[in-house]
Structure formats: structure tokens, C-alpha cells
Amino acid sequence: MPGSTPKTSSGRFFEDFHLGDSIVHATPRTVRAGDAALYSALYGSRFAVQSSDAFAGAIGYPTAPIDDLLVFHIVFGKTVPDVSLNAVANLGYADGRFLRPVYPGDTLSTTSEVIGLKQTSAGDAGIVYVRSIGRNQRNEIVLSYARWVLVRKREPGTLAHAEQVPELAKAVLPEQLGEGCPRIELAAYDDALAGSRFRWGDYAVGERIDHVDGMTVEEAEHQLATRLYQNTARVHFDAHAAQGTRFGKRLIYGGHVISLARALSFNGLGNAFHIAAINGGRHVAPLFAGDTVYAWSEVLGSAEIPGRGDVGALRLRLVATKNRACADFPLKAGDQYDPSVILDLDYWALLPR
Amino acid sequence: MPGSTPKTSSGRFFEDFHLGDSIVHATPRTVRAGDAALYSALYGSRFAVQSSDAFAGAIGYPTAPIDDLLVFHIVFGKTVPDVSLNAVANLGYADGRFLRPVYPGDTLSTTSEVIGLKQTSAGDAGIVYVRSIGRNQRNEIVLSYARWVLVRKREPGTLAHAEQVPELAKAVLPEQLGEGCPRIELAAYDDALAGSRFRWGDYAVGERIDHVDGMTVEEAEHQLATRLYQNTARVHFDAHAAQGTRFGKRLIYGGHVISLARALSFNGLGNAFHIAAINGGRHVAPLFAGDTVYAWSEVLGSAEIPGRGDVGALRLRLVATKNRACADFPLKAGDQYDPSVILDLDYWALLPR
Amino acid sequence: MPGSTPKTSSGRFFEDFHLGDSIVHATPRTVRAGDAALYSALYGSRFAVQSSDAFAGAIGYPTAPIDDLLVFHIVFGKTVPDVSLNAVANLGYADGRFLRPVYPGDTLSTTSEVIGLKQTSAGDAGIVYVRSIGRNQRNEIVLSYARWVLVRKREPGTLAHAEQVPELAKAVLPEQLGEGCPRIELAAYDDALAGSRFRWGDYAVGERIDHVDGMTVEEAEHQLATRLYQNTARVHFDAHAAQGTRFGKRLIYGGHVISLARALSFNGLGNAFHIAAINGGRHVAPLFAGDTVYAWSEVLGSAEIPGRGDVGALRLRLVATKNRACADFPLKAGDQYDPSVILDLDYWALLPR
């Protein structure tokens, strides 16, 4: 009967997830040049490949691709109403791979599969593991990643249907990298225009790089960003309701921090133009409007990519802090993170050789 | 003689309007994909038709159309310097009809006709009724609406040239709906991608829907929006001058509230993809930066559109509040609006059948 | 050896500049319709030529050109990491000429030549004069301007390699104007759509125009703008570090003030659609978030452009103030600027004849 069914979704609770569930997420999204402009205004990224059709065209792209993290945020945003509307915490990422460039005009949509479930000992929540897949309008996979998140139960004490913790690779292997990057015309790669004379071979494992600059975040900025990604997590938008939470204010979307840190990392990693994979990541502490973000990187690994003489891969730890410059590379004291640290991300970037 | 005429416009006063006056408003505006991206970042709207070229294309649009309210704001914004620069209050809208889709690349311009004048008993101001018409670059009408606004007199006590109060329909008729929506290929309309399994027939007259989420507004956000629409009403932009007003701060453009409430209404009305008509609307109370907007809807009517088996129309009341969630549908106590209510809008939306 | 070279740039100090040095600045930038949309949202500019493809097309442009000042900011932004990262103050501009229209899709890059050096008497800093050239993807010059800036020495007391102060024209000559503007089809120029009935010949030298409106600036707005231009000057972004400076807060990019004042100047100069040249400019005092910007203009000169019967040039002084309306044209008391004045800009604009 018309009108008999409640029309509003309040999101899935832990009991609503079943192993093997396949979820089609709403709202396909055409990514256009306007989104790229906004992304630029939000983070000030300066990587030449994503900034210039002429530069990208010279080295072998048909046109400047959409920033990898903008792709990530849009693919991720779609999962929020179905996966994490009742989340207590976003616990981690693994095995994220950028498999195909995205260009202005492409339409992104996302599906997720439930690959793991585990209830907490307290019995009022459980960890949901999903693999999310972003596809373009030709149904080609552009991004695949695993994520796990702590989700409330509708009724505390309910048992999980089944439990299983998936095995996830600690890092994407070098031979799995590079699909998201066309073959680069090295002779046309102009270091002066790119803003860095350091190629893949100039970085050493163990090297640490302070990215120097800081960026203060305003409420309007992270709200604009998070809405651009059609991410509806209410903790980012509702200051009225936030008054009743333990923080008392809006939380900034963790992906906003990743994009800020990545943009800051240009100063020191100007040729690391493509994020090929995300090995893992942790939002160590929350960021709030008014805080200033700084970042530093450590080279965790360096690898050739089989069959690719044009680009090499660096495995990078990207650490972001708040309200503390990174000249001395703050990270941990013993097992504990330094109180300034907000992000600890492990990813593979590609650089020209 | 050069230099002898003051170059600055201070806007029309009540005495400057005459019945039948036709006004060509300045600054035609090409609406591009970048405007759509900004609109998305400002409100986080998730209707699939406006978000995805692929989704829109599958159901019969040439490409994703520009959001109806973005069209409204741009057409409206042009009227401000000529109609409401000296307005005391924006009193109402009626008979608003979206008559043709607008696509990226279209150029919008606006003309208005003065259709009514009535001075106030106090004699220091008068109500100006205009019908404003938005056209595209082919001179096709895309939007037509009536609006009335209280405008100051240049000299209190001056008599109006003539008085006339126009008769305006209480609601647009069902047979007048649908021109702004091409025939929809129902078989291609994907509920999962659209984010709602509720079609036109699933809603009942009298049904009320709480849209749950809240959105806090920042000064930077409403200023960006209002400038995007080239709306020059100074009450939205000048905090220095606002110190001397009764509110003491900047007022947020009422259209910003409409767009926020419409975006929030996706949760519960995900398939109401097109605004076909605005029957009437009232900005009940002002919104200020820092306030959080919530919304709920009531189904006022349901109608078939003659000759259209693809879409049906719902007449919806969209109520927005500030700093108060809408689980109990706040509206009025007796004749008085609840103090939280800021918007009471009556419109027709189309949904697939 | 890999890892042996510090990867982070800390910018050039005074000693690092040599007369005749040629600098290729990083990050070519494709300017797209999305950038134009953001520019519109940031300033609310209403000049019809830049706003409407239809209007621009009718008078002889292939499509609406990118706003001249957006071109300026993007070309300028690229110079910051190489020229002014260690600047104490931005001292002035001269001989700025817009030589070719920029359209959506064009890619801008910048080179600079060091044309002058002069150390200060204190010996801890020096003035660096550069001529910066912006080019499109066809290597055509779109903008050329001289700028001088006070830069810290790495080691106080170091002598300059050579000193030379360039001679810079006080004003661009009328015969040098107009290259950035195609021949205009005057018959198609519609004053009503343009928003002003005043053509070039209606302005008199000495005439002063109050632009009436005020615009309050938010932190999020100037940060979005300055990042859009990929301008990395840290004084605009880092509130944490700013606590230790004499202002104690972030400074707003001077170019943001120019764009705000230019947009406000539409009210009074609606047909001054093209900035042909910047004769000189001074940022008299800093602007901070929360301040409200007002503006007024004085007609300093009026000139025919040889061979051009379609457009004429007005030399304009554009003065911006903060937190003070401009009805009485505040400028100087004796030698001192009025404390409200923040910008004193001298430029040539073109208007239809």
C-alpha cells in the first residue's frame, strides 16, 4: 500500500551484513573538469601530470588524468550510506590498487562485497570488512581496495551470522603496480616544468623528507570537499548534533587529511606523479577545523616494475601531523604515536626513471 | 557631456516601477560543468540524473542536466540588481514552472515584467509583483515564475502610479507539468544506482518523511553560492554594514536554504529527480552562518500527468528548520510557525512510475 | 648517490639571483571552465564578456575568454616558489600587458628573467626585479609584467653579485594596448545585457566612481582562491606558524584584493570588460579574514587606440579599502595613505566605443 513503507534509510547495522553480500552503491558520478578545478582549490596540488593537458599529453596520456585521490574519494563516498553510516570508527585500508586512469567525462560507480565480519567482545558492535570496487562507464575497474570499519549493532548482544577475518596483503607487490599509468615518453618528461630534478633513482630507502609547509583547514573547506565526494557521513556536517558528542564539534573526513598531506608532499616528491597503490593506512587521531596540517615522508622501499623501463615505484610512508612542524619527523615514542600525528599512510607512488 | 552622469546604479525604488514595465536584466551566464561541480560541493546533492551523464543518458537525456535549482538561482540572481536591491523583504513566489532542461554550455538570461504594484498603508514602501522569465541562448523559455517583494520608496509618501494585485494560481496544474523532463526510458531506470526503490506510486498523500540529516552552514559557503549565482544583494556579503542592522550580521540567501533542504530530501525522496514546478514558497525566518539546517517533507498531492506513462508528479511540502531535528515534523502551533522553521515550500516533483 | 641530496626546496634567497638569470617555473596549468566557475564564485564578477559564451560570441570572441585577472593570478602563482618564498614584501608591479586572450582548455606556463638587483642599506635583504612571462600551449605570450620584491639574504652581509635597477615605464602607452582583445562587433554589443549604458566616451578624466558594495572575506575563500592559483606562499595558509609573526594571523594574497575590487567595480564600470594593461600597483596595507573590502575608481586618462574604432581605453586608478565605505573616495592625507586603504592600482581597461 502506498505510504506504508518508511522512505528514509538509516543505514545498515552490523546484523544487516552477511558474508558474500554484494552491494550496489547509489549515485553514479560523472567526474568533470570542474571537479578537478575544485580539487585544485581545496588542496593546491601541483603535480604537472594532473595539472596540465599539455604536459600529460606530451608524455603519453590522452589528456590530464583526474587526481588519483579524487577518484578514491568519489569511489569511497558512495559506500558511506551503505557501509559506514552507523560506524563507530574507520579502522583501516589495505590492498588498494589504482588500475586505470580516470579522465574528465568518465562516470564512476561503486560496488562492495562483504569479505569479513567479526563481532567485538563487548557484543555491541562488530568489524565489517568490505572490498569496494570503482568502475567507469565502460564497466572497467579503476580502483579496488579493502576497508574495515567498526559498525554498531542494532540490538546489542545479537550474534553475527558468521564470522571470518579475511587475509589481506601487507603490501601490494611491485608486479601488481603500473596498470593505472600508461607508458611514459621519458624524453618528453620535463623536470623543470614538473618542478623537481629528482627521479626514481635519486631516492634511497630510509630517506626521510620534511615537506615543510603547513595548511590550516576551515570548516567550509572540508565540508565542500566531503560534499563534492557525495560522502554523507553526518559527523562531518552537523555542528548542532556534534555538540552532544565526545568531541563536541564536527570531525574532518580522514580522506581530506590524505589529500592535504599528498599535496604538501609535492615539495620533495614533485615527480611522484601517480599513486599506484595504497598498502595500508590509519587515521591515528582526528582533525578539526582550525588545525594546521604538516607532513613528512619516509622511503620504505624502491622497486622496479617488471616490464617497465619508464617508471619506477617508491613505497612511501606519508605521515601527517597537526599543529606541529615536521622538521624532526615526529612519529612514535615507543608503541605510542606522537600526539601530533593524525595520519600514517603506506602507499606506492610512481616516478619517471 | 562625458562624466556628467553618475555611473553607479543604486537600484530601483518603488516609484521606479510601472505596471507592464519590461526589464532586460544584465549578464547572460553560460552554465558549465564547473558550475555543476560547485553546486555539488555546496549542497552534496545525490540525485543520479543530475550527477551522472551515463545514468541520464540511459533514461533519455542527451547528458546530465543542470540541477533545476541551480537554474532557478542563476535566473533569479540576475533580477536582484533591478528588482530587489532596495527590497525590505522577499514576500513570496508563485506559478514557477521549469519548462525545458538546461545542459552544460547553455547560456541563461532573464527578463521580468512588472505585473502588480501595491503600496503599503504606511506609505513608505510598496509591493512589487514581477513575472521573471529565464531563457536559453536559443531564446527558449526554461523557467517562468512570479515573485513579489516589498520595496522601499525613494521618497516616503509618493503615490504609486497605479495599483493592481495580480491573480496568481495557488498551484500549477498537473497538465502543466512535465515540459522540463524528456520522456523517460523506464526500463533503463536503475533503482539501485538511483539510491531508492520507491517510485511515484509508493508515496501516499499525507505521508510525512523526516530527511534525518543536518547540514551546518558557513559564511564562506553561502557567499560562494550567492556569488556563483551573481546575486548582488548586499545583505549576504557585507559584515561591516550588517553591524548596523537589526540582525547585526549577514543574512543567508533564501535560495541557499531551498537547495540545502532539497539535497537533504534525497534521503526519502531519492527518485524525485526533477522539480517541475514551484507552487509557492515562504522564507519564514532568516538563517545565519553557524546554524544547522534540517528538513522534512509532506506529500500534499499525487497526480498523473496527461499523456505521460513514464513519470508521475508528487506535490510536496518541503519544510526546513534550523538547529532542530525534524523527527516530529515541526511546523506550526496554531497560526504561528514553530520558531525553528525557516522555509515552507510547496512544489511539484516528478518520479518514475 | 641516491638519497644524498636534500629533496625539499626552501626557495631562493637574495644571493641566489643573478642578473639575466632565466627561470622556468614549475607546473603548467590547463585553465578550464571549472576554474572560471570557481573564479565566479569567489568574486561574483558580472562582466558579460567573461560570463557568457553567447555574448562573447556575438561580439567576436570564439567563446567567453578567461577573466584577465585569473590569468594573472595563475601566471603569478607559478613564480612564488622560485621568486618570493623568502620574500619580506611584494613591492610593486609595472608594465603589465595582457597580449592574447586565454580560453578554456589553454595551458599556461611561466618563465621569469632577473632584470634588476639592489641590496638594502641594512644588508640583510635585497630587491629582486623580475620580468615574468606567461605563455599558452602554443608558446604565445599571453601576459608580460615586471615585479619587484624584497627578498631575504641567506647570510646577512653577503654582497650582491652585481646591482642594477631597471627602468620601467610609468605607464603602458595607448599604442601598446588592445592585443589581448579581438576586434569587437560593436553592433552586436548589447548594453542592456552588459548591464551598463555607459560607453568609453561617457567617462571623463578626473571622474570618480564609488562602487558602493562591500564584500567580507573569509579564511576559506582566500585559501581556496590562492590554492586555485597554485600560489604556495605560506603566509596565506599556515595559521599555526602565523601565531609567531607580527600580525599573528594569515595574510590574504594581494591578488585576492585586486580581484575583489575589480568585481565590485562592475557597478559603475560595467562595460570595462577587458584589462589591457597594469601600469603599476601597490598593496598599501594587509587584508585579513573578517575584513570587508570596498572600492572606488578614478579616471586617470582616456585614450584612443591607434587603428581601433571599436574600443577605447580608460586609465583607471582602482582603490580598495577595508571596513570603510568609499562614498567620499578615501585615499591620502598629505603623503600618507588613509589607514583604510589597502590597494592603489593603476590599470588600463578597454570599453566599447
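Chains as they are written, first to last, in our numbering: chain G, 472 to 824; chain Y, 472 to 824; chain P, 472 to 824.
All C-beta atoms, glycine included, are put in the ideal place defined by N, C-alpha and C.
Along the chain, where does the alpha helix (DSSP H) containing residue i start, and where does it finish?
i                         : result
glutamate 692 of chain P  : 690-699
leucine 731 of chain Y    : 725-735
isoleucine 655 of chain P : First-last for isoleucine 655 of chain P: undefined, no H or E at that position.
isoleucine 530 of chain G : 524-530
For chain G, check one thing: does any of its Cβ atoms lie closer than 8 Å to the Cβ of residue i?
i                        : result
histidine 711 of chain P : yes
aspartate 681 of chain Y : yes
threonine 792 of chain P : no
leucine 500 of chain P   : With the sequence shown as reference, residue 500 of chain P is identified as arginine, and leucine is not the correct amino acid for it. With 8 Å as the cut-off, arginine 500 of chain P counts as an interface residue toward chain G.
arginine 795 of chain P  : no
glutamine 521 of chain P : no
glutamine 590 of chain P : no
aspartate 506 of chain P : yes
tyrosine 700 of chain Y  : no
Is residue i close to chain Y? Criterion is C-beta to C-beta, closer than 8 Å.
i                            : result
leucine 664 of chain P       : yes
phenylalanine 569 of chain P : no
threonine 581 of chain G     : no
glycine 726 of chain G       : no
alanine 535 of chain G       : no
leucine 513 of chain P       : yes
tyrosine 674 of chain P      : yes
Taking all protein chains shown into account, do 16 or more other C-beta atoms lie within 10 angstroms of the C-beta of residue i, making it buried, or fewer, making it exposed?
i                            : result
phenylalanine 737 of chain G : buried
glutamine 714 of chain P     : exposed
arginine 609 of chain Y      : exposed
phenylalanine 718 of chain P : exposed
serine 603 of chain G        : buried
proline 536 of chain Y       : buried
aspartate 799 of chain G     : exposed
arginine 625 of chain G      : exposed
glutamine 521 of chain G     : buried
Give the DSSP-derived three-state secondary structure of residue i in the structure shown.
i                         : result
histidine 707 of chain P  : helix
histidine 489 of chain P  : coil
leucine 785 of chain G    : strand
proline 823 of chain G    : strand
alanine 565 of chain Y    : strand
valine 551 of chain P     : helix
histidine 754 of chain P  : strand
alanine 451 of chain P    : Because chain P spans 472 through 824 in this model, residue 451 of chain P falls outside it and cannot be assessed.
glycine 715 of chain P    : coil
glutamine 608 of chain P  : coil
histidine 496 of chain Y  : coil
glycine 672 of chain Y    : helix
isoleucine 537 of chain P : coil
valine 812 of chain G     : strand
valine 636 of chain G     : coil
valine 601 of chain P     : strand
valine 546 of chain P     : helix
Go to residue i, then tell me how far its beta strand (DSSP E) extends in each direction, as first and last residue.
i                         : result
glutamine 590 of chain Y  : 578-590
leucine 771 of chain Y    : 763-776
isoleucine 612 of chain P : 612-623
alanine 508 of chain P    : Alanine 508 of chain P -> not in any beta strand (DSSP E); alpha helix (DSSP H) instead, spanning 504-514.
glutamate 517 of chain G  : The sequence given here has arginine at residue 517 of chain G, not glutamate. Counting along the chain, arginine 517 of chain G falls outside any beta strand (DSSP E), and DSSP gives it neither H nor E.
arginine 483 of chain G   : Counting along the chain, arginine 483 of chain G falls outside any beta strand (DSSP E), and DSSP gives it neither H nor E.
aspartate 681 of chain Y  : 679-681
Say whether chain P places a C-beta atom closer than 8 Å to the C-beta of residue i.
i                            : result
glutamate 678 of chain G     : yes
leucine 821 of chain G       : no
serine 730 of chain G        : no
arginine 503 of chain Y      : yes
phenylalanine 800 of chain Y : no
glutamate 692 of chain G     : yes
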